[in-house]
DNA sequence: CTCCCATACAAGTAGATACTTACATATCGA
DNA sequence: TCGATATGTAAGTATCTACTTGTATGGGAG
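Residue numbers (the working numbering), protein chains in the order written: chain H, 1 to 221; chain G, 1 to 221.
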């Protein structure tokens, strides 16, 4: 009975030397966690997701690899945490555009594109996180939601101009706009500072020129 | 001196048990090499470049991993060989379009897009090879050339319609068309058979709508 | 003061995978 | 038929990298 009690206590209170989601954090711990996220963001941005090792993240944060695993269960969790933060932040920024509906269709879409491009420029690591990293289900959901916000933004404005357009059609055109955005963004992330303004203009032109005919084409297609 | 002679002979005629580019091949060897390329293509297409292990390629070809290394120095060389073949084949197909110049601008560009989409549909592994695989310098050059053929095809047709357009401007618009193509292609490669025709239409629309205004906008921009 | 536990790390382990070695067999020219 | 060489493989090795273990330290609650 003594042995059994001992085993229970042994199994229930092991010395915590790995990640525990319920562990209490003090101020130092919170700061370490934030520092690790910042270090990971910098490393992902410089090397891309796959080239960035957990050891590199630890080194960047000036801690040992073991310390990293006190705060995150694995590499994917770090990427997922960052991707979720960024996806929610970006979705929020998109939702804030023209909330009082005073912008014209062209102005609103141009603003949407600007906001998205600015965000990706401010957070260069976001691209590799979304494209290359395997994400947790919840991070995937946030990424999915972000895409949906972009699509819906355009779909809503399309139907505001052309109420006879089906929801399905409107969403489809929003999705195509997103594909165009991603295609040009891929180049923007590697473009020289000198080439960037011209590409940003091309981004606006490509998406708006795709969408404009939708507003005027024959109602029954 | 004997020892020296022995060492020379030892160094110059080691039993060849690894890849040697100058090795003579017999018919069986040629067939094995082709079979390995076919197996690799199938595996890359199914799993993507990174998920495809050299062991998986060997298994797919029904040989041992060691046999694979009799015919290729490393995994990258297999991907590079395939990517080069495909890039050259696709570039050739693009150059063959409208060689006698009878098509209109819209017809020619639409044909270009069709050819590119058909090729990617016929060789689903091409996408991951070009996007995900680290390629040899020569394969990278072939990939680069392929992109240039696409860009030039459009640039030449643009300047045929608007001779006052600078080469630089024309190439820029060709590059943007390529970015749009890639953005939508990314989705096409994962789209359901049901969603594909709609996306293929969107591909044509997105690129042509981007390019058409270039033909009519004010000569001095 | 003191005990608990969060923090920290040196020095590992584990598992995956690209690639090799040592050796056996098939083919083919002379 | 025989030797040279191409083809083939079982059973590895080497290395990389995500992740752990055992142990030491420091700060805060009681």
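Note that the Cβ used here is the ideal one computed from N, Cα and C, for glycine as well.
In the three-state scheme derived from DSSP, where H, G and I count as helix and E and B as strand, residue 44 of chain G is classed as helix. Just so you know, the alpha carbons of residue 173 of chain G and residue 99 of chain H end up roughly 34 Å apart.
Sequence-distant partners of residue 191 of chain G (beyond 5 residues in either direction) whose C-beta falls short of 7 Å from its own C-beta, in its chain, are 199. Residues of the same chain with a CB within less than 6 Å of the CB of residue 175 of chain G, apart from the 5 flanking positions on each side, are 151 in chain order. Secondary structure note for residue 105 of chain H: its alpha helix (DSSP H) is the uninterrupted segment 105-122. For residue 21 of chain G, no alpha helix (DSSP H) segment is defined, and its DSSP state is neither H nor E. By the neighbour-count criterion, in which 16 or more other beta carbons inside 10 Å mark a residue as buried, residue 80 of chain H falls on the buried side. Proximity of chain H to residue 213 of chain G at the Cβ level (cut-off 8 Å) is accounted for by 205 and 209, in chain order.
For residue 216 of chain H, the enclosing alpha helix (DSSP H) stretches over residues 196-216. With the criterion set as a beta carbon lying under 7 Å from some beta carbon of chain G, the members of the segment 168-180 of chain H are 172, 176, 179 and 180, in sequence order.
Against chain H, the CB of residue 202 of chain G has a partner CB under 7 Å away; the residue lies at that interface.
Taking the Cβ atoms as the reference, residue 82 of chain G lies roughly 6 Å from residue 129 of chain G, within the contact range of under 8 Å. Taking 7 Å as the cut-off between beta carbons, none of the residues of the segment 74-87 of chain G comes near chain H. Residue 18 of chain H is classed as exposed because its beta carbon has fewer than 16 other beta carbons within 10 Å across all chains shown. The beta-carbon of residue 57 of chain H is placed no less than 7 Å from the nearest beta-carbon of chain G.
Just measuring C-alpha positions, the residue of H/51, H/29, H/121 and H/53 sitting nearest residue 70 of chain H is H/29. Taking 7 Å as the CB threshold, residue 182 of chain H lines the interface with chain G. The Cβ-Cβ distance between residue 155 of chain G and residue 171 of chain G falls below 7 Å. Interface criterion met: the Cβ of residue 187 of chain G is under 7 Å from a Cβ in chain H.
Residues of chain G with a Cβ closer than 7 Å to the Cβ of residue 198 of chain H are, in chain order, 172. Distance from the CA atom of residue 136 of chain H to the CA atom of residue 183 of chain H, rounded to whole angstroms, is 24 Å. DSSP places residue 26 of chain H in no alpha helix (DSSP H); its state is neither H nor E. In the DSSP assignment, residue 168 of chain H falls within the unbroken alpha helix (DSSP H) covering 167-188. Residue environment for residue 62 of chain G: exposed (fewer than 16 other C-beta atoms within 10 angstroms of its C-beta). Contact check for residue 210 of chain G and residue 25 of chain H: beta-carbon distance about 51 Å, past the 8 Å limit, so the pair fails to qualify. Excluding the 5 residues flanking it on each side, residue 49 of chain H has same chain C-beta neighbours closer than 7 Å at 79, 128, 129, 132 and 133, in chain order. When DSSP states are grouped into helix, strand and coil, residue 49 of chain H belongs to the coil group. With the rule of 3 Cβ pairs closer than 8 Å, the segment 84-97 of chain G counts as touching the segment 110-122 of chain G.
If only uninterrupted alpha helix (DSSP H) runs of at least 4 residues are considered, those enclosed by the segment 124-154 of chain H are 125-132. Shown here, residue 192 of chain H sits in coil according to DSSP, grouped into three states, outside any helix or strand.
Apart from sequence neighbours up to five positions away, the residues of its chain that approach residue 77 of chain G with a beta-carbon distance below 7 Å are 136, ordered along the chain.
For residue 84 of chain G, the uninterrupted alpha helix (DSSP H) run begins and ends at 75-95, by DSSP. Using a 10 angstroms sphere on the CB of residue 52 of chain H, the tally of other CB atoms reaches 16 or more, which defines it as buried. Per the C-alpha coordinates, the member of H/39, H/113, H/34 and H/147 positioned closest to residue 206 of chain H is H/113.
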